[in-house]
Amino acid sequence: MLKKLFRTSERELIDSLRSHVSLSKEALALSLRMLREYPKLSLPQVLEYRARIVDLEKRGDQIYDSVVSSVLRGAFPLPLTTELGALLDDLDDILDLIYFLGMELTRGIKAGLTKNPTVAEIYEVSSEMVERAAESISSLESLLSHILKDVAKAMRVSSRIDSIEDVVDDMKNAAIESIYARSGELGVLEFTHLIEVVKTIDTIVDKVQDVSQELTRIFSAVLS
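Sequential numbering from -3 applies to the sequence shown in my numbering.
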């Protein structure tokens, strides 16, 4: 009975999740451009990227509000309400964190922090972390495309996301070690900025992992 009830709204749910993930993917791509291209970006270009990220985050909030409203109206079986709520919160957190990353990068670039060679070097490491984060989000898109048709394949994609998270965690630890080791070359603002950037990227990937695990747990239980 639970399976039958869930299937009545599953397609709409998955479509909404995929739309939300696509916004995160686009916003993260803009953040990566800021990390990679800051030497040749004009201030108006940086502000344009920020504005686009803000717009994507607002669109994500609209999707989130709509799906939460649907859940609260009883569109899904009551036993799943709590789990779906946690899933939606974590999904929205991904885009919120990317928004925060974009805002922090904008502030750092506007303040001229990237003129410090050490900041520039950590930006390079951070861009590699963002590339991995983008890979995890693309994998999440793939998971969503398989979850209704092949839960076993979706679980394999989830395992790949777990592996990416392990790699990014190692990269985060190495980056933080480097920041502390070179703290004498950094002002307080530069040090804090870099720590925020590195930790935020790592948390994005953590949240992608959380969402992938929640998706496979919910769907494997209901649709098996």
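Cβ atoms here follow ideal geometry from the backbone N, Cα and C, with glycine treated the same way.
query: Would you please state the rounded distance, in angstroms, between the beta carbons of Ile175 and Phe187? I believe it to be under 8 Å.; result: 7 Å
query: For Phe215, count neighbouring C-beta atoms within 10 Å of its own C-beta (all shown protein chains included) and say buried if the count is 16 or more, exposed if not.; result: buried
query: Can you tell me whether Glu53 is buried or exposed, with buried defined as 16 or more other CB within 10 angstroms of its CB?; result: buried
query: Check whether the Cβ atoms of Thr196 and Ala150 lie closer than 8 Å to each other.; result: no
query: Is the separation between the beta-carbon of Tyr60 and that of Asp86 shorter than 8 Å?; result: no
query: Please report the distance separating the alpha-carbon of Ser20 from that of Ser12.; result: 13 Å
query: State the Cα-Cα distance for the pair Leu136 and Ser154, rounded to the nearest angstrom.; result: 8 Å
query: Among Leu37, Thr110, Ala129, Gly180, which one has its Cα closest to the Cα of Asp165?; result: Ala129
query: To the nearest angstrom, how far is it from the Cα of Leu97 to the Cα of Asp202?; result: 15 Å
query: By DSSP, does Ile197 sit in helix, in strand, or in coil?; result: helix
query: Cutting at 8 Å between CB atoms, please list the residues of its own chain near Leu222, excluding the five before and the five after it.; result: The structure shown does not extend to residue 222, since the chain is modelled only from -3 to 220, so the question has no answer here.
query: Please report the straight-line C-alpha distance between Arg33 and Pro75, rounded to a whole angstrom.; result: The sequence shown places Glu at residue 33, not Arg. Computed Cα separation, rounded: 48 Å.
query: Check whether the Cβ atoms of Ile157 and Val194 lie closer than 8 Å to each other.; result: no
query: Leaving out five residues on either side along the sequence, give the residues of the same chain with a beta carbon under 6 Å from the beta carbon of Asn112.; result: Glu186
query: Excluding the 5 residues preceding and the 5 following Val67 in the sequence, name in chain order all residues of the same chain whose CB lies nearer than 7 Å to its CB.; result: Thr77, Leu80, Gly81
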